[in-house]
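Student:
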Amino acid sequence: MNNVFLEAATNLENASIKKWKEKGGKIVGYTCSFLPVEIFYAADILPIRLRGIDAHSMEISDSYYGPFVCSFPKAVIQLAGSGKYDFLDGVVISNGCDTLRRMNDCWRKMGEDIKGTLPSWFYYLDVPHKPDGHAFDWYVNQLKKLIKAIEQQFDVHISDDKLKKAINTQNAVRRIIWELEKLRRETPLKITGSEAYSAIIAGTLMPVDEYKKHLIEFVSEIRSRITDFAIDKKKVFLGGSICDDFELVSLIEASDAVVVGENVCFGIRNEKDRVDENENPIKALSMKYLSASVCPRMMGWYKDRAAMIIDRVRKIKADGVILQNIRFCDLHGTENGLLERDFDKNNIPSLRIEREYGPLTETGRLKMRVDAFIEQLKSAGINPQ
Amino acid sequence: MKTAGCDIGSRTAKAVIFENNTIVSSAVIPAKLDPVESSETVIQMALDHAKLKMENIDTIVGTGYGQQEIPFAHRLESEIVCHAKGAWWNIPSARMIIDIGGQDSKAIKIDQNGRVIRYTYNDKCASGTGRFLEIMADALHVELNEMGKIGKTFKEKLNISNQCVIFAETEVVSLINEEKEVADILNALHISLANRVASLARSLTIEQDIIMTGGVAKNIGVFDALSDGIGFPVKGLDGIDPQINGALGAAIIASEG
Amino acid sequence: MSIAAGVDVGSLSTKAVIIKSNKIIGFAIIKSGPKPVESANKVMEQLLNQTGIVQNDIKRAVGTGYGREKITFIDNAISEISCHAKGAQFFVSSARTIIDIGGQDCKVIKLDQDGNIIKFITNDKCASGTGRFLDVMAQVMNIDVSELGKLSQKSTKPISFASICTVWAQADVIKHINSRRPAEDICAGINAAMANRVSMMTNAIKVEKDICMTGGVAKNQGVVKALSSILGCKIKRIKKADPQLIGAIGAALFAQEKI
Amino acid sequence: MRPELKEYNLDWLFASTFSVAKNLGKSSPDELEYVYKYIPYVRPLLKPVLETGKPALTFLDLFGDYYTDIVNAKENGKKVVMTTFCFDPCIFYAVENLLPVTLEIGTALTSLAWKRGSTDFMDYCTEIGFSETGCSSQRGAMGAYLAGLGAQIDLVALNMGGVCDTNANAYNFAAQYLDVPYYGLDYPSELTSDEAREYHHKDYRNLVRFIEEHTNCQFDIDRLRDVLEEKRKQDDLMNEIEDMQRLVPNPVPGIYHIMIYAARYTYSGKKKFTKMLEEMVEIVRENVKKGLSGLRNGVEKNRSFLVYIDNYSYGVALYEWFEKKGISHLGNILSRTFAETAPYTTGIPGTAYRIDTTNFDTMIDTLADINARMPMTRTIRGSYDAPNMWLDDTLSLAKIYGADSCIYLGTPGCRNTWSNIKLLARDLESFGYPTFIAYGDSFDSRVETWETSEMRFEEFYKIRGLL
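Residue numbers (my numbering), protein chains in the order written: chain A, 33 to 417; chain B, 9 to 265; chain C, -9 to 249; chain D, 44 to 510.
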């Protein structure tokens, strides 16, 4: 297990964030994978993905959000309300789903009630739900506005060259991440899911150059290994809604399974396609980020996503798929239903579980389900190929 | 003038006899299957303590879940109003009342005259109710009234997060299977219950003094956790069994004619 | 002699079974205590005393249930889903769909003809549809959970329950009691609500005949009847053994295979 | 799903029920009482509706036609498009071989009129993989169509993406499950900017192309103009009703809001809907002349405004309770238009729409503007406290209606409003409007019994001194 990544993935204000702050660096949090982090790197700002880990109660967020709401945004609000996100210089909220969109309202109101919990810069990015021409233009426009706002707020200039440089670095990272994915397709399997997953989560939580350095070391270290983590184990692919607590991955791997791939909000989705470095940077970013295949928020594009996921499951030779979603996440809850149907058609065994977000407290229930699923895979030994 | 209040809850029945602005006597019994029987038994107990007969009482106000079933009630009043009245009578500086009842919990905001300004109930999914503790006491094989004391002796901080009572119970079962200490589990339960209720108070925007009423207020674990959850100190009733507060409020309202 | 044992440490009760070449030669059921290890030891000790068998005669033991990991005297632990499937198949070899309603969980399991699990589904959304639901209701009604079934048979006009949440349904039950609705109608309502919940899961897995029901709730005629009428096909029940024991029996069978 | 249910086609059930029901207008009160004995589940809806007289018969006639057409769609070579409320279906009537099926209306009617409401259909959706926590308003009727117990759906077209993802998600599921073409209008979080306007227009043009492609027929300009002119009339009538609703006592019968809600999202642009509105206006005008309240007992003790939707899961128990208590129902966000002629559409540019039938382009732009200003797509898209959004609309409406209190009714499936209703309620209270948040489900009576809801309502009106 790589300790740098583990530390970054398990601490809200991790070491590299602290270091960045000490150097007087600015940090902006964001909520959705439809935000091009390159823009912030081009402004020498550290973008970090907002998380809800370590939210042990909801007494603050429950006084703004209603009861029938996903526990992820609630957890984030709870942390912000209890000062755990005070280190942020800004936040970008976007309309990932209804509940995330409303985080804008809840956070602002909380800011009025609990002084100092609203970051000095609080920005809303309006992302379309389709990649069509007019939606694309809208998104380009939104990114231009975002850039202006950043330049004003942080008194910086985001030049095309800086953007191109950021894109170049981020693409490099994507290439390594994709190597990681390919490594997980090999036999012998030289990497466990929790290792890979902590590495992937860490990527959204530390400066890109630092991350790249560690990632390269990590990958070459894995290459040098001779162990096979898949011996007597079933290979599982993890899909579904937001999941940044790799306790879940560890829980799965605690029962004779190894997680070989994932398609969740955090994690590898379509790192295969990169940002076009020969295009105008903003256009190029828009083309990459307004992609229909990554998230069910892009209504009407299910078939693309299903095809992409099934292809990855096959290539990575998973014995089965675990589809999880946070309670009240309709988008993923429903898409998991569709996926389950298509997995059955392709006779890929799958297990659907619904859970609360955050510190794994349902271990008993989850473990029973996962154990049984692994036993099922063992007894049947169905091969997806 | 002698008045009485009778509060038929889902788990317990309470009665209070009230005369010239003082409590003459009170009684609490576990609710029977038949609310009529509950109400008659509990009022009789209260009357006996006061050495009074039914005909000595001028007005009786009924409240609580089974209020419709109280045969001898002259008037009915909502628990919200009764709890507000009782707490305010006991502590006039009260501006917010938090009552954790068997089936639901409420946060009530009142003005300086004890009149209800706003109130709110626990959200759906009842993990914020007294019932929650009863089910857990069951699962943990501890006495309901022992929970608070035992929980206070906790060492390890555990976390129970689930919205659903029964799932929360499953979490408890898992914790038991991990051989966690009962005290630690209880402490976690108290905190999770208190936090659910705290969010009710917060959603009304906090105002002091905050008074906690209802049977659960006797649970020192929940009581203390509630102050932490709200971020302001919560007070208990002064020299009065918090469980009878609803009935007390009813009796006071009766005396106001 | 090849004696195998299975122990099922559930959240409510702990069961143990000893089998010898596919014959059940003894079983014991006790209420689960706070510590699973103790419950397991206690039930095993009781069973050994009953049968006069000594620990060493037991060639292999398998544990299942929520507390399975902690049991000290077992050779390995297997999830209750697999064990219930195994046990049910042992009694009803034609079973393709197994419905098990346990204390904390409701599981519907689909099997192939060799008894391998093809697919299973468990209640994640909500705890109604678990044994706990019936326990809580029975407690409110002030009757023993085993009476729910019998009583509901007498019902003329079952109450239809609004809430599917255990705790809120309980509030409804109290209301109905207060308004003096006959107990049998309330029971019938409770059983129907339960059956409705379970039928959704069963249909979700695309029910295949024969359907076999295990777990304590299988004893509740009311639920079984209501369920089979919603599913539109008969539900087989295990007559030869207490449905509560199926998990433990499955575990014992797994143990026997490995001897 | 229960085997017995699979025997009945939902559209056919409605077609026959409503077609037969409209004849009840001729019956004497005694005859009616006799008939009601045999239709215990339809009664709670039918009785109060019939009591409204003329509009009732048109209402029943309208739905008789609507569902009969759907039942006969295939024979008549018509395609069926699955769509949502808060989408103006008049565009579909501008194509001669297209018929809209509006799920939420189907769910509401099923919940109102059948035994066990639409719960079996809702559960069926869960059985085939749809999220159980998804909004009940679609799950009801959707279950029937996905189970093949209704018209065969040819395409799915709606708006809601960006406003209510849960809604769009449900229709997306239906389209994927049935494997039929899908087009969803998408909405930015802002309403009045030029970019937003352009976005609406381009997005809607794609919808037009989508419809033409999948019905292989062109829009007929004259037909489109007729539909829009009809809609203009309907808007004016609805606005007149809204306007008269401001009077004290409020002369509009509360049940009208359900009737208008049901009709406008299925029959917009059709003559029978206009007829129903005309008959309503006539009655309300009479009430105004006589200074009568729309309440049956004539005494208005309280004026309540429903800040979101209505409840359809208890029959019309809530309306009956309002009647009993003398609470005048000031409508919800679903029963009004945001046409520039509406009494409360402010002068702020871009918040209201104008119907312009000059040429094809102006008409398509008009439709785009209308759809961007349907009650939900207008009101709950952006931040609830942003200009012209939920708080603004609620406050201005509550003010001009002279509301004494505000009520939130919704469904636990509504991620959007349940993510900020506590904030809205808190602000409304600070503006002096006692606000009640109901936890029940507007379409699924299993979530909270009417008895429980009634208890909560009683308590609210009593404790807050509103009656």
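The C-beta atom is built at its ideal place from N, Cα and C for all residues, glycine as well.
Any residues in the segment 215 to 232 of chain C with a beta carbon nearer than 7 angstroms to a beta carbon of chain D? Which ones, in chain order?
Tutor: Those would be I220, G222, in chain order.
Student: Please list the terminal residues of the continuous beta strand (DSSP E) segment that includes T204 of chain C.
Tutor: Numbered from 1 along the third sequence, position 214 holds the residue referred to as residue 204 of chain C. Unbroken beta strand (DSSP E) run through T204 of chain C: 201 to 204.
Student: Which first and last residues belong to the beta strand (DSSP E) in which C449 of chain D is found?
Tutor: Taking the fourth sequence and counting its residues from 1, one reaches residue 449 of chain D at position 406. 448 to 451 is the extent of the beta strand (DSSP E) around C449 of chain D.
Student: Determine the direct distance from the alpha carbon of V251 of chain A to that of A208 of chain C, and round the result to whole angstroms.
Tutor: Working through the third sequence from its first residue, we reach residue 208 of chain C at position 218. Working through the first sequence from its first residue, we reach residue 251 of chain A at position 219. Each residue's alpha carbon lies about 54 angstroms from the other.
Student: So L82 of chain A and Y62 of chain A are supposed to be a Cβ contact under 8 angstroms. How far apart are they, rounded?
Tutor: As a first step, residue 82 of chain A is located in the first sequence; it is residue number 50 there, counting from the start. As a first step, residue 62 of chain A is located in the first sequence; it is residue number 30 there, counting from the start. With 8 angstroms as the limit, L82 of chain A and Y62 of chain A qualify as a contact, their Cβ atoms being about 7 angstroms apart.
Student: Please decide whether Y334 of chain A counts as near chain D, where near means a Cβ-Cβ distance under 8 angstroms.
Tutor: Residue numbering aside, residue 334 of chain A sits at position 302 when the first sequence is read from its first letter. Chain D, which has a Cβ nearer than 8 angstroms to the Cβ of Y334 of chain A, makes this yes.
Student: Output yes if chain B places a C-beta closer than 8 angstroms to the C-beta of I326 of chain D; else output no.
Tutor: Residue mapping note: residue 326 of chain D aligns to position 283 of the fourth sequence, counting from 1. Cβ-Cβ to chain B under 8 angstroms: no for I326 of chain D.
Student: Quick one: what does DSSP say Q417 of chain A is sitting in, helix, strand or coil?
Tutor: Position 385 of the first sequence, counting from 1, holds the residue named residue 417 of chain A. With a pLDDT of 36 at Q417 of chain A, under the threshold of 50, the modelled position of this residue cannot be trusted, and the question is left open.
Student: Looking at the unbroken beta strand (DSSP E) that takes in W153 of chain A, where does it start and where does it end?
Tutor: Stepping through the first sequence from its first residue, residue 153 of chain A is reached at position 121. Run containing W153 of chain A: 153 to 157, per the beta strand (DSSP E) assignment.
Student: In the DSSP output, what is Q356 of chain A paired with across the bridge?
Tutor: Sequence index remark: in the first sequence, residue 356 of chain A carries index 324 (1-based). Its beta-bridge partners are A:G272, A:I385.
Student: Give me the subset of the segment 73 to 107 of chain A whose CB atoms are less than 9 angstroms from a CB atom of chain B, sorted by chain position.
Tutor: Here the close residues are A87, H88, S89, M90, E91, I92, S93, D94, S95, Y96, G98, P99, F100, S103.
Student: For S136 of chain C, count neighbouring Cβ atoms within 10 angstroms of its own Cβ and tell me buried if that reaches 16, exposed if not.
Tutor: Residue mapping note: residue 136 of chain C aligns to position 146 of the third sequence, counting from 1. Exposed: under 16 other Cβ atoms inside 10 Å.
Student: Look at the alpha carbon of K230 of chain C and the alpha carbon of F81 of chain C, and state the distance between them as a whole number of angstroms.
Tutor: Here residue 230 of chain C refers to the residue found at position 240 when the third sequence is read from its first residue. Here residue 81 of chain C refers to the residue found at position 91 when the third sequence is read from its first residue. One C-alpha to the other measures close to 7 angstroms.
Student: Going by alpha carbons, who is nearest to S89 of chain A out of A:D76, A:G113, A:E144?
Tutor: Translated into positions along the first sequence, residue 89 of chain A becomes position 57. Selected option, being the one with the closest Cα: A:G113.
Student: Roughly how many whole angstroms lie between the Cα atoms of L212 of chain B and Y229 of chain A?
Tutor: Taking the first residue of the second sequence as position 1, residue 212 of chain B is located at position 204. Taking the first residue of the first sequence as position 1, residue 229 of chain A is located at position 197. Going from the Cα of L212 of chain B to the Cα of Y229 of chain A covers about 41 angstroms.
Student: Tell me which residues of the segment 351 to 363 of chain D have at least one Cβ-Cβ distance to chain B shorter than 8 angstroms, keeping chain order.
Tutor: Correct list: empty, as no residue qualifies.
Student: Considering only residues of the same chain and omitting the five flanking positions on each side of M104 of chain B, which have a CB-CB separation below 8 angstroms?
Tutor: Locating residue 104 of chain B in the second sequence gives position 96, where the first residue counts as 1. Correct list, in chain order: A115, I116, K117, I118, A209, L212, I214, E215, Q216, D217, I218, I219.
Student: Determine the burial state of A47 of chain A: buried for a count of at least 16 other Cβ atoms within 10 Å of its Cβ, exposed for fewer.
Tutor: Start at 1 with the first residue of the first sequence, and residue 47 of chain A comes out as number 15. Its Cβ having fewer than 16 others within 10 Å, A47 of chain A is exposed.
Student: Under a Cβ-count criterion, where at least 16 other Cβ atoms within 10 Å of its own Cβ denotes burial, should F474 of chain D be classed as buried or exposed?
Tutor: In the fourth sequence, counting from the first residue as 1, residue 474 of chain D sits at position 431. By the neighbour-count rule (16 or more Cβ atoms within 10 Å), F474 of chain D is not buried but exposed.
Student: State the start and end residues of the unbroken beta strand (DSSP E) segment that holds S3 of chain C.
Tutor: Here residue 3 of chain C refers to the residue found at position 13 when the third sequence is read from its first residue. Unbroken beta strand (DSSP E) run through S3 of chain C: 3 to 10.
Student: In the DSSP assignment, what are the bridge partners of P79 of chain A?
Tutor: Taking the first residue of the first sequence as 1, we reach residue 79 of chain A at position 47. Note: P79 of chain A sits in a beta bridge opposite A:V60.
Student: Is DSSP giving T42 of chain A helix, strand or coil here?
Tutor: In the first sequence, the residue the question calls residue 42 of chain A occupies position 10. Helix at T42 of chain A.
Student: Okay, do the segment 221 to 235 of chain D and the segment 200 to 207 of chain D touch, 3+ Cβ pairs below 8 angstroms being the bar?
Tutor: Yes, they touch.
Student: Tell me whether the beta-carbon of K226 of chain B lies closer than 8 angstroms to the beta-carbon of G156 of chain B.
Tutor: Position 218 of the second sequence holds residue 226 of chain B. Position 148 of the second sequence holds residue 156 of chain B. Yes, the Cβ-Cβ distance between K226 of chain B and G156 of chain B is below 8 angstroms.
Student: Taking the alpha-carbon of A178 of chain C as reference, which of C:G206, C:G93, C:S189, C:L138 has the nearest alpha-carbon?
Tutor: Counted from its first residue, the third sequence places residue 178 of chain C at position 188. Comparing Cα-Cα distances from A178 of chain C to each of C:G206, C:G93, C:S189, C:L138, the minimum goes to C:L138.
Student: Using 8 angstroms as the cut-off, can you tell me whether the segment 75 to 89 of chain C makes contact with the segment 195 to 205 of chain C, which would need three or more C-beta pairs spanning the two stretches below that distance?
Tutor: Yes, they touch.
Student: Which chain B residues sit within Cβ distance under 8 angstroms of E394 of chain A?
Tutor: Here residue 394 of chain A corresponds to residue number 362 of the first sequence, with the count starting at 1. The contacting residues are N170, F175, T178, E179, S182.
Student: With a threshold of 7 angstroms on Cβ separation, who are the neighbours of N415 of chain A within its own chain once the five nearest residues in sequence on each side are excluded?
Tutor: Locating residue 415 of chain A in the first sequence gives position 383, counting from the first residue. Since pLDDT at N415 of chain A reaches only 40, below the 50 mark, its modelled position is unreliable, and the value read off the structure follows with that caveat. Excluding residues within five positions, none has a Cβ falling inside 7 angstroms.
Student: Out of D:T384, D:F403, D:F102, D:E363, which one is the CA nearest neighbour of F500 of chain D?
Tutor: Residue numbering aside, residue 500 of chain D sits at position 457 when the fourth sequence is read from its first letter. That would be D:E363, whose Cα lies nearest to the Cα of F500 of chain D.
Student: Determine, for E494 of chain D, whether the minimum Cβ-Cβ distance to residues of chain C falls below 8 angstroms.
Tutor: For this step, residue 494 of chain D is matched to residue 451 along the fourth sequence. Chain C contact via Cβ: present.
Student: Taking the Cβ atom as the reference point for each residue, do A245 of chain C and C73 of chain C lie within a distance shorter than 8 angstroms?
Tutor: Start at 1 with the first residue of the third sequence, and residue 245 of chain C comes out as number 255. Start at 1 with the first residue of the third sequence, and residue 73 of chain C comes out as number 83. Contact flag unset, no.
Student: With distances taken Cα to Cα, identify the nearest neighbour of R133 of chain A among A:S191, A:T224, A:R329, A:V296.
Tutor: Your numbering for residue 133 of chain A matches position 101 in the first sequence. The residue with the shortest Cα to Cα distance from R133 of chain A is A:R329.
Student: What does F360 of chain A reach in chain D if we use C-beta pairs closer than 8 angstroms?
Tutor: One-based indexing of the first sequence puts residue 360 of chain A at position 328. Here the neighbours are T176, R458.
Student: Would you decide whether Q160 of chain C is buried or exposed? Buried here means 16 or more other CB atoms lie within 10 Å of its CB.
Tutor: The count along the third sequence starts at 1 and reaches residue 160 of chain C at position 170. Looking at its Cβ environment, which holds 16 or more other Cβ atoms inside 10 Å, Q160 of chain C is buried.
Student: Which word fits G191 of chain D, buried or exposed, when buried means at least 16 other C-beta atoms lie within 10 angstroms of its C-beta?
Tutor: Within the fourth sequence, residue 191 of chain D is the residue found at index 148, counting from 1. Under this definition G191 of chain D is an exposed residue.
Student: Out of C:G119, C:V163, C:D104, state which residue places its alpha-carbon closest to the alpha-carbon of M127 of chain C.
Tutor: Counted from its first residue, the third sequence places residue 127 of chain C at position 137. Considering only alpha carbons, the answer is C:V163.
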